[in-house]
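**Q** Handing you a structure now.
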């Protein structure tokens, strides 16, 4: 998958062993324009820029040579500014947009090879989509909006009501089933949109900037609620955002896009501690590292610590933490103590975190 500074295809170290990804995207391109095929061939031969393609072929490169995997129960965030291609890319997963070139698989099935009936079943049964604009039906109640997709699948009225009420409770809208959308706040309408996507119990959720139009406090609350729901329901989620803070908060991993290209893929810690280029570095410059950098990144090998003239005697009296402890908790342990923090795994000393290492971790050195 794409990762790291050279933007090449590499083995995904975060992938579960012997587990196939739920979503596989391979060498996907989207070029808008009548001469898209011609433009693609020229790009590959001459490495044309986006501006050159527009000038020569009157074509717009929306997505360029994108490859990645999304694993089961993962929240995979695609982050980019307006025009980066992130929303175009996510619409390829359920084939709302046809790629100019490339392959997309969902559960091992080539989405591009599906006929119209098979594609409808994929969208109805396996993939739910949540947009920034919920497009709720204004003349239908909350319950009927949630059950609308089930109605299109000819699910009987009693079952629709049961399923809708169950999902209403899941998204904390108890008592609002008979309300009309106009009677709800923006945050509540967003919950209805999420409930509508969840009603069919899809394996995959595609979420295109679902919270971006909301006030900050409401937005943060819905982020918290979705993270809790995700942990319980285990949905595989592709989450689109223009906000790096949101991506870091929500994502198991993050893909950063620019001009249709994925610049870097990694965990929030990877993105913050090892930005692939100046573009990513500018984004993460103001991000607090306290909750994103962990002991395994800043700790020193015990043998190396000893070779520097320090003693390892009495480590049982040192404050202890696991390799997954974040900087914030490590700092709390180190305050008012002379000893370093002992990092232990299964009872074994695997690392030492000194105060100097904590300072370097905060500064990003």
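In the working numbering, the protein residues as written are 50 to 414. Here a beta-carbon is modelled for each residue, glycine too, at the ideal position from N, C-alpha and C.
#1: Count the other CB atoms, across all protein chains shown, that sit within 10 Å of the CB of residue 342; report buried if there are 16 or more and exposed otherwise.
#2: Going by C-alpha to C-alpha distance, which of 147, 412 and 192 sits closest to residue 217?
#3: Counting along the chain, where does the beta strand (DSSP E) carrying residue 116 start and finish?
#4: Compute the Euclidean distance between the alpha carbons of residue 415 and residue 280, then round it to the nearest angstrom.
#5: Should residue 336 and residue 128 be called a contact, given that it needs their Cβ atoms to be closer than 9 angstroms?
#6: Among the residues of its own chain, which have a CB less than 6 angstroms from the CB of residue 300, if the five just before and after it don't count?
#7: Going residue by residue through the region 78-163, where are the continuous beta strand (DSSP E) segments of at least 3 residues, counting only ones entirely within it?
#8: By the three-class DSSP mapping on this structure, what secondary structure does residue 311 have?
#9: Could you tell me which whole beta strand (DSSP E) segments of length 3 or greater appear in the region 287-333?
#10: Please name the residue in 148, 399, 114 and 80 whose C-alpha comes closest to that of residue 355.
#11: To which residues of the same chain is residue 226 closer than 6 angstroms at the C-beta, ignoring the five residues directly before and after it?
#12: Buried or exposed, going by whether 16 or more other CB atoms sit within 10 Å of the CB of residue 363?
#13: Going straight from the alpha carbon of residue 107 to that of residue 93, what length do you get?
#14: According to DSSP, residue 273 sits in a beta bridge with which residue or residues?
#15: I need the straight-line Cα distance from residue 422 to residue 345, nearest angstrom please.
#16: In whole angstroms, give me the CA-to-CA distance for residue 265 and residue 402.
#17: Which word fits residue 166, buried or exposed, when buried means at least 16 other C-beta atoms lie within 10 angstroms of its C-beta?
#18: Leaving out five residues on either side along the sequence, give the residues of the same chain with a beta carbon under 6 angstroms from the beta carbon of residue 388.
#19: Which of the three DSSP states is assigned to residue 369 in this structure?
#20: In the DSSP assignment, the beta strand (DSSP E) including residue 400 goes from what residue to what residue?
#21: Between residue 193 and chain C, is there a C-beta pair that is closer than 9 angstroms?
#22: Thinking C-alpha only, which one of 77, 69 and 174 is nearest residue 157?
#23: Could you pull out every unbroken alpha helix (DSSP H) segment of at least 4 residues lying fully inside the region 177-246, listed in chain order?
#24: Could you give the residue range of the alpha helix (DSSP H) that holds residue 375?
#25: On the DSSP letters alone, give me the boundaries of the beta strand (DSSP E) that residue 255 sits inside.
#26: Might you give, ordered along the chain, the residues of its own chain that have their beta carbon closer than 7 angstroms to the beta carbon of residue 181, omitting 5 neighbours on each side?
#27: Name the DSSP bridge partner or partners of residue 343?
**A** With the structure as the only source:
#1: buried
#2: 192
#3: 109-119
#4: Since the displayed the chain opens at 50 and closes at 414, residue 415 lies outside it and no answer follows.
#5: no
#6: 124 and 126
#7: 109-119, 124-128 and 150-155
#8: strand
#9: 302-307 and 310-315
#10: 399
#11: 191, 192 and 217
#12: exposed
#13: 17 angstroms
#14: Residue 273 pairs with nothing; no bridge assigned.
#15: What is shown of the chain runs 50 to 414, which leaves residue 422 out entirely.
#16: 36 angstroms
#17: exposed
#18: 367
#19: strand
#20: 397-402
#21: The structure shown has no chain C; it contains just one protein chain.
#22: 69
#23: 191-195, 197-201 and 206-219
#24: Looking at the DSSP string, residue 375 is not in any alpha helix (DSSP H), and its letter there is neither H nor E.
#25: 253-257
#26: 257, 258, 259, 261 and 262
#27: 375
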